[in-house]
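Below: one structure, written as structure tokens.
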Amino acid sequence: MNKEALFYKKKENGTLGCKLCPHTCVIQPGGMGLCGVRQNKEGMLYTLNYGEVTSIALDPIEKKPLYHFYPGKNILSIGSFGCNFKCSFCQNYSISQYKPKSEYLEIEKLVSIINETENNIGVAFTYNEPSIWYEYIFEASKTIKERNKKTKVVIITNGYISEEPLLELLPFVDAMNIDLKGWNESYYSKVCNGKRDFVLNTINKASEYCHVEITTLLVEGENTSLQEIEEISKFLSSININIPLHLSRYYPNYKMTNEPTSIDFILNAEKLAKKHLNYVYVGNVQGIDNSTYCHQCKEKVIDRTGYVVRNTLKNSNCPNCGERLPIIY
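Position 4 of the sequence shown, counted from 1, bears residue number 11 in the working numbering, the numbering being contiguous throughout.
This is the structure we're talking about:
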């Protein structure tokens, strides 16, 4: 469905300046922004994916990944199409870089599905980049919270969004997993077609409003230096030493053919990151223990075997030493 977009201004000669994300695209008449879903039609900017859903499923919350937010619970997960990054390794490229088949989902219908789905804590906007689905997500999140404040709203994002729309959305968001692709600015520019510092700002701002976890996909030969891992870890710890960091192993996908990332490197990266952060997890590696341990006494408090989760916390407190842990449930 087409709908007039938010956050744009009219410029000379019929061009429009989009202000939703830091690309600040100047869009010619009839043209589209880099994201592929915002078009200049007769002097007005329209979003082309309003309410258009390409994927919907009930997922374990750990799949987002979120390990410190309602562990062991499920969340209805939906996505649309389009993205404001052009990552050459994207695992969801069929919906992020192309326009697949989609179905329109009214917000009232979405609310009904959320409420009628058993063992569901809320909705996660995910799969493609949610921020370029902004108009729908904003209206849906606001409606969901007006109907029932206990329904959880989760955003899985690359964090590439301008501050004004971000701050308008955050009051309706309970948790975010933000991709921090790497620390090297040239990597962001070359591989993702973005700029790192805007993502760092999103992490800072989001941490003031909601639960935040970070994912970094470690791509062999691209962002696999221990110095980068240390810089990422130091930055996150400067915000909150308890922010969970997920270090995920890369496998060849889409246009990128680099070899899968060395497991030895990932384990060394995990060890280094733990010098600065209390909670670091490894993703996309079989046989790795991703259980949660009390940062005070090292007692296992959440046992994870795949997506089978056993939570032994007592009102967020460690059952062994009584330390209150930064886990929401």
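Don't be surprised by glycine CBs; every beta carbon is placed ideally from N, CA and C.
Query                                                                                                                                                                   : Result
L224 and S245 - do their beta-carbons sit closer together than 9 Å?                                                                                                     : no
Using a Cβ-Cβ cut-off of 6 Å (strictly less than) and excluding sequence neighbours within five positions of L112, which residues of its own chain qualify?             : G58 and V60
Relative to the C-alpha of V106, which candidate in G43, P67, G129 and L52 has its C-alpha closest?                                                                     : Note that residue 106 is Lys in the sequence shown, not Val. Per the Cα distances, G43.
If you follow the alpha helix (DSSP H) that V206 is part of, which residue opens it and which one closes it?                                                            : R203 to S214
List the endpoints of the continuous alpha helix (DSSP H) containing Y100.                                                                                              : Y100 to S103
Straight-line CA distance for K71 to I239?                                                                                                                              : 20 Å
Distance check for N81 and Y336, CA to CA, integer angstroms please.                                                                                                    : 12 Å
Just the Cα atoms here: how many angstroms apart are F14 and V118?                                                                                                      : 25 Å
For the structure I just gave you, are there three or more beta carbon pairs, one from the stretch 76-90 and one from the stretch 22-32, closer than 8 Å?               : no
Determine the extent of the beta strand (DSSP E) in which A64 is found, giving its start and end residues.                                                              : S62 to P67
If you compare alpha carbons, which of M51, D310 and G40 is closest to G21?                                                                                             : M51
Thinking just about the alpha-carbon of each residue, which of G129, N47 and Q104 is nearest to the one in D66?                                                         : G129
Can you list, in chain order, the residues of its chain with a C-beta nearer than 6 Å to that of R317? Leave out the 5 residues immediately preceding and following it. : D310
From what residue to what residue does the alpha helix (DSSP H) around N275 run?                                                                                        : I270 to A280
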